[in-house]
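Structure first, commentary second.
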Amino acid sequence: KMKEELIGQLRDLLQAEDIMLVRDQVKNIRSNWKAESVKERQLQWEHFKSENAEGAEVDFVYAPHELEGTLQELLKEYEDKIQIAGKALAQERSRNFEIKSDLCDRMERLTKNEENIGKAFSLQKEIKEYWDNTGDVPGDKYHDIQDHWQRLNHAFFYNINIYKELQAHDLKINQKRKEEL
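Numbering (my numbering), first residue to last: 956 to 1136.
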């Protein structure tokens, strides 16, 4: 009865839209299945001992549950789905890395080339929004791309402050010239 319920639960989990989200439940089903199998083995052993006299030449052989094959098929299906989802996730993260690399290039060009403060802030905001909405990158590339992004943002705001100071200085000079006139 218990194993039939576990098979039903596993079948339901295999219908999940995101197979990665049911990993813990599948692990629990496996653990419960093993626990039930241990109980069955013990019962079979006890039955075997009661049926056979001491010193008999017959060896005990555990007979797995009739649904064991079904479980293995469902677990194979689960593993296949996990593998496919893992490949898709890796591809998505790889695409995200390319997108974030392109955004870093855009940010670098913006920092080097844009002197109009208003336009620069508008473009920076657009790039940052796109960055924030882009998903995860591969774990081995995360720190490098994140550090690069942080350096570019620091450089951007450093340059903006210089442009602001130059602008303020120009305004002072212009004000002084106007007063002299």
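All C-beta atoms, glycine included, are put in the ideal place defined by N, C-alpha and C. As the structure is a prediction and not an experimental result, all values here were calculated from the model.
Which same chain residues end up closer than 7 Å to E991 when comparing Cβ atoms and leaving out the 5 residues on each side of it in sequence?
Counted from its first residue, the sequence shown places residue 991 at position 36. Contacts found: M957 and K958.
Just the Cα atoms here: how many angstroms apart are F1112 and L1136?
As a position in the sequence shown, residue 1112 is number 157, starting the count at 1. As a position in the sequence shown, residue 1136 is number 181, starting the count at 1. Near 36 Å, if we compare the C-alpha coordinates of L1136 and F1112.
Environment of F1052 [buried if 16+ CB atoms lie within 10 Å]
The residue labelled residue 1052 in the question sits at position 97 within the sequence shown. The residue is buried, with at least 16 neighbouring Cβ atoms inside 10 Å.
Helix, strand or coil for G1090? Go by DSSP, reduced to three states.
Taking the sequence shown and counting its residues from 1, one reaches residue 1090 at position 135. Correct three-state label for G1090: coil.
Using 8 Å as the threshold, is the C-beta distance between S1056 and I1100 below it?
Within the sequence shown, the letter at position 101 stands for residue 1056. Within the sequence shown, the letter at position 145 stands for residue 1100. Yes, these two residues count as a Cβ contact at 8 Å.
When the Cα of Q980 is compared with those of G963, E995 and R996, which residue comes out closest?
As a working mapping, residue 980 is identified with position 25 in the sequence shown. Taking only the C-alpha atoms, the option nearest Q980 is G963.
Using 8 Å as the cut-off, can you tell me whether the stretch 1019-1027 makes contact with the stretch 981-1000, which would need three or more C-beta pairs spanning the two stretches below that distance?
yes
Start-end ranges of the beta strand (DSSP E) lying completely within the stretch 968-992, minimum 3 residues
none
Compute the beta-carbon to beta-carbon distance between I1054 and K1119, rounded to the nearest angstrom, for a pair I have assumed lies under 8 Å.
Position 99 of the sequence shown, counted from the first residue, corresponds to residue 1054. Position 164 of the sequence shown, counted from the first residue, corresponds to residue 1119. So it is not a contact: roughly 30 Å between Cβ atoms.
Exposure label - I1128; buried when at least 16 CB within 10 Å
For this step, residue 1128 is matched to residue 173 along the sequence shown. Counting Cβ neighbours within 10 Å, I1128 comes out exposed, since fewer than 16 surround it.
Give me, in chain order, the residues of the same chain whose beta-carbon lies closer than 6 Å to that of N1114; leave out the 5 immediate sequence neighbours on both sides.
Residue numbering aside, residue 1114 sits at position 159 when the sequence shown is read from its first letter. Cβ within range, chain order: T1066.
How big is the Cα-Cα spacing for E1069 and E1063?
Taking the sequence shown and counting its residues from 1, one reaches residue 1069 at position 114. Taking the sequence shown and counting its residues from 1, one reaches residue 1063 at position 108. Their backbone Cα atoms lie some 10 Å apart in a straight line.
Per DSSP, what kind of secondary structure is Y1085 in: helix, strand or coil?
Counted from its first residue, the sequence shown places residue 1085 at position 130. Residue state, collapsed to three classes: helix.
Measuring CB atoms only, is the stretch 1034-1051 touching the stretch 1000-1012, in the sense that at least three cross pairs come out at less than 8 Å?
no
Top-ranked residue by Cα proximity to L1026, from L969, K1131, H1103 and N1088
As a first step, residue 1026 is located in the sequence shown; it is residue number 71 there, counting from the start. Nearest option by C-alpha distance: L969.
CA nearest to the CA of A1043, picked from E960, P1093, R1106 and K1133:
Translated into positions along the sequence shown, residue 1043 becomes position 88. Selected option, being the one with the closest Cα: P1093.
K1055 lies in the alpha helix (DSSP H); which residues open and close that run?
Position 100 of the sequence shown, counted from the first residue, corresponds to residue 1055. From DSSP, the alpha helix (DSSP H) with K1055 extends over E1023 to N1068.
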